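Working notes for the structure below.
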Amino acid sequence: MTETHVEWREWGPDAFAAAAETDRPVLLALTATWCDGCHEMDAKTYGEPRIAANINESFVPIRVDVDRWPRIRERYNMGGFPSTVFLTPDGELLTGAGYLGPDGMRQVLESVRDRWAEDGAAAGRVPRALAGDLPPSGEVTRAIEEHLAGQLEVQFDADHAGWGDDAKFPLPRTVEFALKREQSQALRTLDAISTNLRDDVAGGFFRYAGTRDWSDVHHEKPIDTNAALTRAFANAYLHTGDAAYEEIAREAVGFLTDDLWTGIGVGGSIGPGEGRAYYARDADGRAGMTAPRRDHTVLAGGNALAADALLTHAAYTDDDRAREYAERILGTLERELVDASTGEVTRFLAEEPGGETDVLEDLARVVAAFTRAQGVLGEGIDLARTVADRAIETLFVEGSFLDGPRDGAGLLDHPFRPLDTNVEAATALLDLGVATGTDRYVDVARETAAAFAGATDRYGVQLASYGSLTARLCHGTPAVFVGTEPGTDLHRAAWRVADHEKVVVANAHRETVPTPWTPNAGEAIVGVADDRSDPAGTPDELLERVSALLE
1 MTETHVEWRE
11 WGPDAFAAAA
21 ETDRPVLLAL
31 TATWCDGCHE
41 MDAKTYGEPR
51 IAANINESFV
61 PIRVDVDRWP
71 RIRERYNMGG
81 FPSTVFLTPD
91 GELLTGAGYL
101 GPDGMRQVLE
111 SVRDRWAEDG
121 AAAGRVPRAL
131 AGDLPPSGEV
141 TRAIEEHLAG
151 QLEVQFDADH
161 AGWGDDAKFP
171 LPRTVEFALK
181 REQSQALRTL
191 DAISTNLRDD
201 VAGGFFRYAG
211 TRDWSDVHHE
221 KPIDTNAALT
231 RAFANAYLHT
241 GDAAYEEIAR
251 EAVGFLTDDL
261 WTGIGVGGSI
271 GPGEGRAYYA
281 RDADGRAGMT
291 APRRDHTVLA
301 GGNALAADAL
311 LTHAAYTDDD
321 RAREYAERIL
331 GTLERELVDA
341 STGEVTRFLA
351 EEPGGETDVL
361 EDLARVVAAF
371 TRAQGVLGEG
381 IDLARTVADR
391 AIETLFVEGS
401 FLDGPRDGAG
411 LLDHPFRPLD
421 TNVEAATALL
431 DLGVATGTDR
441 YVDVARETAA
451 AFAGATDRYG
461 VQLASYGSLT
471 ARLCHGTPAV
481 FVGTEPGTDL
491 HRAAWRVADH
501 EKVVVANAHR
511 ETVPTPWTPN
521 AGEAIVGVAD
531 DRSDPAGTPD
541 ELLERVSALL
551 E
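Spelled out as structure tokens, the structure:
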């Protein structure tokens, strides 16, 4: 980040203790390497000496990287980044805003200082989402999928594609939900993403467009967006056979493994400027092109998502590069960020491992990636089970998952149950439960889905993955247990079954690989819920078994 005159502190108990001891409120700056507005605010606002002096004198300033500290991001985000948040010494919320220029910051600082002098800590509040109330539960029925499928039609933009009539985010999980239910909408949206959010010069996908017609593009390229869209385009290829979608997915693989690659994993992001003129002026006023901002932080959850995407593409296309880099990512996770004996996952790797451990997003994505690895590479299920057990034992409380351990400074000790991350965790557990025949994982996935079912009528397309989860819990998940090494014709045919929600297990004939049904070597068995097929020995026989079981 740009150097400022503000005396920033790191998030932690020492900073909040200093605020209590000096009776000052906290100014929390939520920033990201990829965030253009964050850098601009550093230069124009925090770089203004009088503003910085005011902050240093009357507040305890804390800066947080939102990618490294997602639980802080979720509790204090003011709707985007930068977020400028004022807190009591106990971490309760006083007020907040987004980007503030110098004049706006002066006004807010004066307002908060006056309010603090008048009311002190009594002015703070705990956001409703952190009050500890359980979400409204209900029964998991097909009506949830039907409601969210209906929302696809209600919210689809027939003129410009995508969903909604405001800013357009790519919503890759919504695209995947639509691929099986409103395929034309999914494909039109992917076409719009390719046209408007794909950087056809330098590669990769931009984060979002600020307007309904996909203009006002925001040129950040974070790992999550790029990994999820790589998988979405690969899945579009699976469903349609259209080589154009495979070509885009292959280009995205190249971006992940070239531009975002750090040597040991995929970096967190590339900021604006990549592949286009990005000018700044030096101290003498001379213009020159600056390099794009790169965040080389290897995030556990982001890299697990990237491995999942690379494995997906490799499974459909025999892409050796995608498979090789997925293996390298999984190796880095195992060596550096995942404790194979306990299942503990550390948030990030920069110069050394750091950040929180047992963040729900990280645990869920690691389980998903290593379950996928068992299907594509023939190994990984043991680590997936260890991490899944850790997630259940440490974060599954009263029917759903907390976003992380209930400890830490500020409001980190308040329970928070994000629906989208609960769905991601439950989906990973469902995949693992189907792959291994472990009822416990399926039961936890179902209980998690039920914990939020009482508010279904409030959910829109942004939560379409909840529809995918509940549909699978109601209908069953197709699974193919392949009794061969990866790479055989039978194994390749299993992955080419045109359903991206299926589960595939390679090496299922081995005694060391737990499965509900064990095929003989050289054969495959298809299962859905409690139904199973006769063994198949050839790709044609496998496709016949799948068709018969799914009729």
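Going by full-length UniProt numbering, the residue at position 385 of the sequence shown is 385; the numbering climbs one at a time, nothing skipped. Don't be surprised by glycine CBs; every beta carbon is placed ideally from N, CA and C. These figures come from a predicted structure and were not determined experimentally.
**Item:** Beta carbon proximity, P516 to chain B, threshold 8 angstroms
**Value:** Looking at the structure shown, chain B is missing, and only one protein chain is on hand.
**Item:** Three-state secondary structure (DSSP) of H5
**Value:** Residue mapping note: residue 5 aligns to position 5 of the sequence shown, counting from 1. Here H5 sits in coil by DSSP.
**Request:** May I have the straight-line CA-CA distance separating D382 from L550, to the nearest angstrom?
**Result:** Here residue 382 corresponds to residue number 382 of the sequence shown, with the count starting at 1. Here residue 550 corresponds to residue number 550 of the sequence shown, with the count starting at 1. Answer to the nearest angstrom: the Cα atoms are 29 angstroms apart.
**Request:** Would you grab the beta carbon distance between R347 and T357 for me? Rounded to a whole angstrom, and I think it's under 8 angstroms.
**Result:** As a working note, residue 347 is residue 347 in the sequence shown. As a working note, residue 357 is residue 357 in the sequence shown. Their Cβ separation, rounded to whole angstroms, is 7 angstroms, which keeps R347 and T357 in contact under 8 angstroms.
**Prompt:** Which partner residues of S269 appear in the DSSP bridge assignment?
**Reply:** Translated into positions along the sequence shown, residue 269 becomes position 269. Looking at the DSSP assignment, S269 forms a beta bridge with P222 and D295.
**Prompt:** Going straight from the alpha carbon of G483 to that of F205, what length do you get?
**Reply:** Here residue 483 is taken as the residue at index 483 of the sequence shown, counted from 1. Here residue 205 is taken as the residue at index 205 of the sequence shown, counted from 1. Computed Cα separation, rounded: 38 angstroms.
**Prompt:** Span of the alpha helix (DSSP H) holding D308?
**Reply:** By 1-based counting over the sequence shown, the position of residue 308 is 308. Residues A300 to T317.
**Asked** So which of H147, L187 and N56 has the shortest CA-CA distance to R458?
**Response** Looking up residue 458 in the sequence shown gives position 458. Residue H147 is the option with its Cα nearest to R458.
**Prompt:** Is the beta carbon of S184 less than 8 angstroms from the beta carbon of I248?
**Reply:** If you number the sequence shown from 1, residue 184 lands on position 184. If you number the sequence shown from 1, residue 248 lands on position 248. Contact: no.
**Asked** From which residue to which residue does the alpha helix (DSSP H) around P49 run?
**Response** One-based indexing of the sequence shown puts residue 49 at position 49. P49 -> alpha helix (DSSP H) spans P49 to S58.
**Message:** Checking the sheet assignment: what are the DSSP bridge partners for G96?
**Reply:** Along the sequence shown, one-based indexing puts residue 96 at 96. Partner(s): V85.
**Prompt:** Mapping DSSP to helix, strand and coil, what is M289?
**Reply:** Counting from one through the sequence shown, the residue named residue 289 turns up at place 289. With a pLDDT of 47 at M289, under the threshold of 50, the modelled position of this residue cannot be trusted, and the question is left open.
**Asked** Looking only at DSSP bridge pairs, what is R125 linked to?
**Response** Position 125 of the sequence shown, counted from the start, is the residue given in the question as residue 125. For R125, which the question treats as bridged, DSSP gives the partners L93.
**Residue interval of the beta strand (DSSP E) (run including T436)** = Here residue 436 refers to the residue found at position 436 of the sequence shown. Where T436 is concerned, there is no enclosing beta strand (DSSP E), although the alpha helix (DSSP H) it sits in stretches over L419 to T436.
**Item:** Rounded straight-line distance, which links the Cα of F86 to that of G104
**Value:** In the sequence shown, the residue the question calls residue 104 occupies position 104. In the sequence shown, the residue the question calls residue 86 occupies position 86. For G104 and F86, the distance between alpha carbons rounds to 14 angstroms.
**Item:** Residues near D119 in its chain [Cβ-Cβ closer than 7 angstroms; skip 5 each side]
**Value:** Sequence index remark: in the sequence shown, residue 119 carries index 119 (1-based). Result list for D119: empty, nothing under 7 angstroms.
**Request:** Below 7 angstroms CB to CB, which residues in the same chain sit around A449 once its five sequence neighbours on both sides are set aside?
**Result:** The residue given as residue 449 occupies position 449 in the sequence shown. For A449, where only same-chain residues beyond five positions count, the Cβ hits under 7 angstroms are V140, A426, L469, T470 and L473.
**Prompt:** Is A493 buried or exposed, if buried means 16 or more other CB atoms sit within 10 Å of its CB?
**Reply:** Locating residue 493 in the sequence shown gives position 493, counting from the first residue. It counts as buried.
**Message:** With the cut-off set at 8 angstroms, would you say G403 and E74 are in Cβ contact?
**Reply:** Start at 1 with the first residue of the sequence shown, and residue 403 comes out as number 403. Start at 1 with the first residue of the sequence shown, and residue 74 comes out as number 74. It is worth fixing the name first, because residue 403 is Asp in this sequence and not Gly. Yes; because the gap between Cβ atoms is below 8 angstroms, this pair is in contact.
**Range of the contiguous alpha helix (DSSP H) that encloses P353** = By one-based count along the sequence shown, residue 353 stands at place 353. Careful: P353 lies outside any alpha helix (DSSP H), inside the beta strand (DSSP E) at P353 to T357.
**Rounded straight-line distance, which links the Cα of A123 to that of R115** = Working through the sequence shown from its first residue, we reach residue 115 at position 115. Working through the sequence shown from its first residue, we reach residue 123 at position 123. So the alpha carbons of these two residues sit roughly 8 angstroms apart.
**Asked** T346 bridges to which residues according to DSSP?
**Response** The count along the sequence shown starts at 1 and reaches residue 346 at position 346. Beta-bridge pairing links T346 to T357.
**Request:** If I'm right that V497 touches A524 with Cβ under 8 angstroms, what's the distance once you round it to whole angstroms?
**Result:** As a working note, residue 497 is residue 497 in the sequence shown. As a working note, residue 524 is residue 524 in the sequence shown. Not really, about 11 angstroms apart at Cβ, beyond 8 angstroms.
**Message:** Tell me the DSSP secondary structure of R198 in three-state form.
**Reply:** Locating residue 198 in the sequence shown gives position 198, where the first residue counts as 1. Residue state, collapsed to three classes: strand.
**Asked** What whole-angstrom Cβ distance do Q155 and G460 have, given they're in contact under 8 angstroms?
**Response** Taking the sequence shown and counting its residues from 1, one reaches residue 155 at position 155. Taking the sequence shown and counting its residues from 1, one reaches residue 460 at position 460. Confirmed, Cβ separation roughly 6 angstroms.
**Asked** Using DSSP with H/G/I as helix, E/B as strand and the rest coil, what is Y237?
**Response** On the sequence shown, residue 237 is found 237 positions in, with the first residue counted as 1. Here Y237 sits in helix by DSSP.
**Request:** Identify whether W163 lies in helix, strand or coil by the three-state DSSP scheme.
**Result:** Numbered from 1 along the sequence shown, position 163 holds the residue referred to as residue 163. In this structure, W163 counts as strand in the three-state DSSP scheme.
**Message:** So, for V546: in the same chain, excluding its five sequence neighbours on each side, which residues have a beta-carbon less than 6 angstroms away from its beta-carbon?
**Reply:** For the purposes of this step, residue 546 is taken as residue 546 along the sequence shown, with counting starting at 1. Cβ within range, chain order: V497 and V526.
**Message:** Between P127 and A455, how many whole angstroms is the CB-CB distance? I'm expecting something under 8 angstroms.
**Reply:** For the purposes of this step, residue 127 is taken as the residue at position 127 of the sequence shown. For the purposes of this step, residue 455 is taken as the residue at position 455 of the sequence shown. In fact, because the Cβ distance is near 17 angstroms, the residues do not count as touching under 8 angstroms.
**Message:** I'd like to confirm the pairing. Which residues does DSSP put opposite F396 in its beta bridges?
**Reply:** In the sequence shown, residue 396 corresponds to position 396, counting from 1. Note: F396 sits in a beta bridge opposite F401.
**Request:** Report the rounded CA-to-CA distance for A300 versus A464, giving the unit in angstroms.
**Result:** The count along the sequence shown starts at 1 and reaches residue 300 at position 300. The count along the sequence shown starts at 1 and reaches residue 464 at position 464. Each residue's Cα considered, the two are about 24 angstroms apart.
**Prompt:** Just reading off the beta strand (DSSP E) that V482 is part of, what are its end residues?
**Reply:** Taking the first residue of the sequence shown as 1, we reach residue 482 at position 482. Element bounds for V482: P478 to V482.
**Prompt:** Once you ignore the five residues that flank V434 on each side, which residues in its own chain have a CB closer than 6 angstroms to its CB?
**Reply:** For the purposes of this step, residue 434 is taken as the residue at position 434 of the sequence shown. Only T477, A479 and V503 meet the Cβ criterion.
**Message:** Within a Cβ cutoff of 7 angstroms, which residues of the same chain sit near R181, ignoring the five residues on either side of it in sequence?
**Reply:** As a working note, residue 181 is residue 181 in the sequence shown. Around R181: A149 and L152.
**Item:** Cβ-Cβ distance between V367 and A340 below 8 angstroms
**Value:** Indexing the sequence shown from 1 puts residue 367 at position 367. Indexing the sequence shown from 1 puts residue 340 at position 340. For V367 and A340, no; Cβs fall outside 8 angstroms.
**Item:** Beta carbon of S83 nearer than 8 angstroms to that of G96
**Value:** In the sequence shown, the residue the question calls residue 83 occupies position 83. In the sequence shown, the residue the question calls residue 96 occupies position 96. Their beta carbons are under 8 angstroms apart, which means S83 touches G96 by this criterion.
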